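Down below is the structure, laid out as structure tokens.
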Amino acid sequence: MPLTSHAALRTRLLLQLVAAGGSARRRDVLDAFEEAYGHLWSDDDLLPQTTRQFETKWRNRTSFERQRMVEQGLLEARADGIWALTKEGWSVSEGLNRSGAAGHDLEVVRREKLWSELVTRVDVTFVAPQEVRKAGLYAGARGIYVDVENTRHEHAPHGIALTFLDLGVKYANQISESGVVYHFPATSTGGRDRAEINATRRAYELAMPVFVITLAKASAQMRAVYRAFVEEIDESTSTALLTFLEDATLPPAPAEDELPFSLVSLDDTDRWALRRSRPNQARFAFRVKQRYGDLCAVCDLAISTVIEAAHLRSKSSGGADDPRNGIALCSNHHRMLDSSLWAIEPQSLRVATREGRTLAELGITRESLAHLPHRPHDLALEHAWSQWQRSLS
7 MPLTSHAALR TRLLLQLVAA GGSARRRDVL DAFEEAYGHL WSDDDLLPQT TRQFETKWRN
67 RTSFERQRMV EQGLLEARAD GIWALTKEGW SVSEGLNRSG AAGHDLEVVR REKLWSELVT
127 RVDVTFVAPQ EVRKAGLYAG ARGIYVDVEN TRHEHAPHGI ALTFLDLGVK YANQISESGV
187 VYHFPATSTG GRDRAEINAT RRAYELAMPV FVITLAKASA QMRAVYRAFV EEIDESTSTA
247 LLTFLEDATL PPAPAEDELP FSLVSLDDTD RWALRRSRPN QARFAFRVKQ RYGDLCAVCD
307 LAISTVIEAA HLRSKSSGGA DDPRNGIALC SNHHRMLDSS LWAIEPQSLR VATREGRTLA
367 ELGITRESLA HLPHRPHDLA LEHAWSQWQR SLS
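Numbering (our numbering), first residue to last: 7 to 399.
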């Protein structure tokens, strides 16, 4: 179980100071933390701090978080050992109370314990289905499992999504080593579908840990379980990007005006921005479809199961997982692009074909990409064009 996130420490510190009337001595605050959250700290939280062996990591990190809150105007800059809320700190704390942040904090801990216990007991890449249910990670037969009993309340009327099941049966979910582009349900029970989508949206807004269950690679009778979070939701394609976390610390919540921490800048955000720049095929596919639409750019085929995210500068030549270095294509035209049967002229966006080939022969119904809502980046187009020209010589 990873270290408690800085966002959680911040929430607890604000709520604790409110309970104390707005201020308290450092020692008293940390002692109150021990009493209130002693059963919630992870094993890593309880380890001694490397540079201060007499102090646990959670105590040291809470003190460090307090200093950051001083710099951000939430706590007073005092040197007398008193931790006190500023006017801005009171305002943020009141917002946390209104949003039910204390309950959300406990739900995060509950989920992390579910994961920790599962990892301790079984190999999460090869788990029997009954073990997954026994662990409390899944019940019923729906694709999205919402533990209504534990997560439905006034701040989450439809609950908070816990687990996403993908056994490769119904939807064209795109799974990679880094995550999955998960399609929202579209069944005959529309009300249930909407409730699950709203529960997924709540998991996204709160940056809750969630779980993804897939078929185990070694046997279709077994399951693989991943710890993840809902990184992004795209309403236009009815998909959610679920990014695998393994044992990494949870990222901060998305910065939207209506969310509790929208007024507060977290260093965690900068660290997460760096992680988001790393190669991630699921994120690339999600962003490409979000940018260009879930249909083939050159034939307008709109069957999601065969629409793929194609790199203009290939991964093998160091191409970035940036949607501006991509385009949405059906599997046929993706293969034809990779085989240099056609290319995109950078200035006009005209579709060009190899000598002896016609657009009709290749099944291309668009003469250019000018119809797309956005164009790929000029550098990506120019690189792909130069590579194609080289292949012709």
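The beta carbon of each residue, even a glycine, is placed where N, CA and C say it ideally should be.
Bear in mind that the values here come from a model prediction, so they are computed numbers and not experimental data.
Endpoints, alpha helix (DSSP H) assigned at residue i
i	result
D199	196-211
F292	287-298
A125	The question names Ala, but residue 125 in the sequence shown is Val. It spans 107-127 - the alpha helix (DSSP H) in which V125 sits, taken as one unbroken run.
D344	337-344
H12	12-25
A42	32-43
V138	135-140
Residue i versus residue j - alpha carbon distance
i	j	result
T371	G149	36 Å
T255	A26	29 Å
V115	E77	27 Å
R84	Y151	47 Å
C305	T311	15 Å
A316	L81	49 Å
L347	W394	9 Å
A230	F170	12 Å
R72	Q227	49 Å
A13	A30	20 Å
E61	S69	11 Å
L173	L355	39 Å
E41	L52	14 Å
D6	T17	Since the displayed the chain opens at 7 and closes at 399, residue 6 lies outside it and no answer follows.
H339	A390	15 Å
D384	D344	19 Å
D240	R32	44 Å
L387	R360	17 Å
S323	F292	21 Å
H45	F39	10 Å
R67	F290	34 Å
N156	H377	47 Å
I350	Q287	23 Å
W121	R58	29 Å
Y232	I219	7 Å
T243	H380	16 Å
P257	T126	23 Å
D86	E237	41 Å
L15	G28	17 Å
S337	R65	53 Å
Span of the beta strand (DSSP E) around residue i
i	result
P215	215-221
W64	No beta strand (DSSP E) holds W64; the alpha helix (DSSP H) holding it covers 63-77.
W391	Not the beta strand (DSSP E): W391 falls in the alpha helix (DSSP H), residues 384-398.
W348	348-350
H317	313-317
A366	Taken as a continuous stretch (DSSP letters only), A366 belongs to no beta strand (DSSP E), as it is neither H nor E.
D240	229-240
A246	245-250
V152	150-152
L186	Going by the sequence as given, residue 186 is Val instead of Leu. Here the beta strand (DSSP E) through V186 covers 185-189.
L171	167-172
W471	Residue numbering for the chain in the displayed model covers 7 to 399; residue 471 lies beyond these limits and cannot be assessed.
A358	357-359
With 16 other Cβ atoms within 10 Å as the buried cut-off, status of residue i
i	result
V294	buried
A234	buried
S99	buried
P382	buried
D37	exposed
G332	buried
N103	exposed
D273	Its pLDDT being 47, under 50, D273 is placed unreliably in this model, and the value from its coordinates should be taken loosely. D273 should be labelled exposed.
G165	buried
L112	exposed
A162	buried
K321	exposed
V130	buried
P191	buried
L375	buried
A147	exposed
A224	exposed
L398	exposed
CB of residue i within 8 Å of CB of residue j, strictly
i	j	result
A303	L335	yes
E123	A145	no
E202	A167	yes
L9	S48	yes
D328	I313	no
A246	Y298	no
F250	L143	no
H159	G109	yes
V35	Q55	no
M342	L307	no
Inset, instruction - Flag this pair as touching only if the region 91-100 and the region 193-212 have three or more C-beta atom pairs under 8 Å; answer yes or no. - result: Not touching, per the Cβ criterion.
Legend entry - Inter-stretch contact (C-beta, 8 Å, three-pair minimum) for the region 181-194 and the region 126-140: The region 181-194 vs the region 126-140: no contact.
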